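To keep things clear, I will list the structure first and then write my remarks on it.
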Amino acid sequence: MAPPPAAQPEADFAVLEFAYRDLGGDSVLHRRSQEELTWRVRVGRATSASSRVMNIRVCIDSSSRGSAEPLVSVAVDNEQVFPGVPFVEKAHLELDFHWELAFDGEVEGLHRPGFHEMRPAHGDLLRWHSCAVLGRSEEDGSLTVLATMPDGERVVYPRVEPGHVRRAGSRGPVAAPARTLSLCVPQSRPQAAALRLDGRPVTHCFCRPTPPPARPSGGAAQAEGAGPAVSFSVSRDRRTVRCDRGDAALRSFLGHELAAVPSGSFAHEAGSEALGGFGGLPEFKAWGARASKRWEFQLGPFAVHVVELHRKHAKTHVLVVDDDVLVEAKPEDMHSPQDGFWTCRSSCLRAISP
């Protein structure tokens, strides 16, 4: 069977955790079941000041007696959005419930040299220079660009008006798409509640940072400042850039090379299917019985990640990445492309600090 396609990371959105949990009933006498779907998502670029992490929760309280419709509640960041009546915790759905959040997406072609052109505010307004857009101000929408001048010198222009920047080739305006995060809870089956980004299921947006985040103590992730980093320094005349790492480490860092973690136990032959489309992986360190598996791999020269997969029930699996739950769900909750398979596609995003 061919491996599923790799996840496509979104620069301005990420699913940090998704879980479907059957919380069970209060008692055998009541014959009620309680289910919960939760999403923890990041809206906005991780390095942006306006970026925020949101928690979305849908609770379903069902009864097995008769044909009573389930009671439902929906909360966003611990603020109840359904029912919209004060002092009422749960209610029946009369219609499908819809919730939306609109936000500005990332500028298209960000950090790509030659993707845009700019003209200075003063001088020849008919002369356009090749440039790369480095960022957009969240206060006034102005752009920071790195322009290549006719003599080859590259100059940073802060606070450039969007009207002075256009897309190369098409000469169209700078595009920052309007994005929509939407939640739909069907009245007929609230358990099928789905979160979507621009109409697509968010199951293609699972993401974790690399290297792993800091831990107070122990754990699989590195403590902040304890792990190695790649640092660059630029001379005052901006003509020389020095790096504190050698050529091999830098190539591995820039190329996101995937490598096996040295294992003292046993090595197992595996292809890209073993880790859901990460690419060729000659060997990995693995432990576990039939209901639980664990892998360790290295991304670049420094970042070591630990992936664990546990089977909680007959169909429910729990995927743990670097000691944090990423997914707890059944195949139908994950929109798995093939019946009988539990598939999760995720990405690693690297943070770059100035």
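Here the sequence shown stands for residues 22 to 375, where the numbers follow the working numbering. Positions of the beta carbon are idealized from the N, C-alpha and C atoms, including for glycine. Since the model is a prediction, treat every value here as computed from it, not as a measurement.
Integer-rounded CB distance, given that residue j should sit under 8 Å from residue i
i: V325; j: Q319; result: 5 Å
i: S94; j: S54; result: Going by Cβ atoms, the distance from S94 to S54 rounds to 15 Å, so no, they are not a contact pair.
i: L167; j: A153; result: 5 Å
i: V102; j: W120; result: 6 Å
i: A96; j: R78; result: 5 Å
i: T224; j: M75; result: Rounded, the Cβ-Cβ distance is 17 Å, inconsistent with contact.
i: P183; j: L164; result: 6 Å
Residue i burial status per 10 Å Cβ neighbour count (16 or more: buried)
i: E349; result: buried
i: C264; result: exposed
i: Q29; result: Confidence at Q29 is low in this model, with a pLDDT of 47, below 50, so the placement of that residue is unreliable and no value is reported for it.
i: E115; result: exposed
i: L131; result: buried
i: H334; result: exposed
i: F253; result: exposed
i: F34; result: buried
i: H113; result: exposed
i: R133; result: exposed
i: L92; result: buried
i: G65; result: buried
Beta-carbon contacts of residue i that lie in its chain and below 8 Å, excluding the five residues immediately before and after
i: L347; result: L37, E38, F39, F227, R229, L340, V341, C365, S367
i: K336; result: K351, P352, W363
i: T261; result: V255
i: G87; result: With a pLDDT of only 48 at G87, under 50, the local geometry of the prediction cannot be trusted, and the value read off the model is given with reservation. Once the five neighbours on either side are set aside, G87 has no close Cβ partner at all.
Chain-order list of residues whose beta-carbon lies under 6 Å from that of residue i (same chain, five-residue window excluded)
i: F274; result: V251, G321, P322
i: Y41; result: L58, A350, D354
i: R157; result: V128, L164
i: S313; result: H331
i: T231; result: L320, A324, C369, R371
Bridge-paired residues (DSSP) for residue i
i: F118; result: V206
i: V177; result: L167
i: G45; result: Q55
i: L370; result: P230
i: F39; result: W60, V348
i: K314; result: L330
i: R263; result: S254
i: M75; result: V62
i: R133; result: DSSP output for R133 lists no bridge partner at all.
Close-in-space but distant-in-sequence residues of the same chain around residue i (CB under 7 Å, 5 per side omitted)
i: A241; result: Any reading at A241 is ruled out, since the residue's pLDDT is 44, under 50, leaving its predicted position unreliable.
i: Q212; result: E56, I81
i: H185; result: M139, R140, A142
i: A215; result: C205, P222
i: D219; result: R200, T201
Does the stretch 141-148 come close enough to the stretch 197-206 to have 3 or more Cβ pairs within less than 8 Å? no
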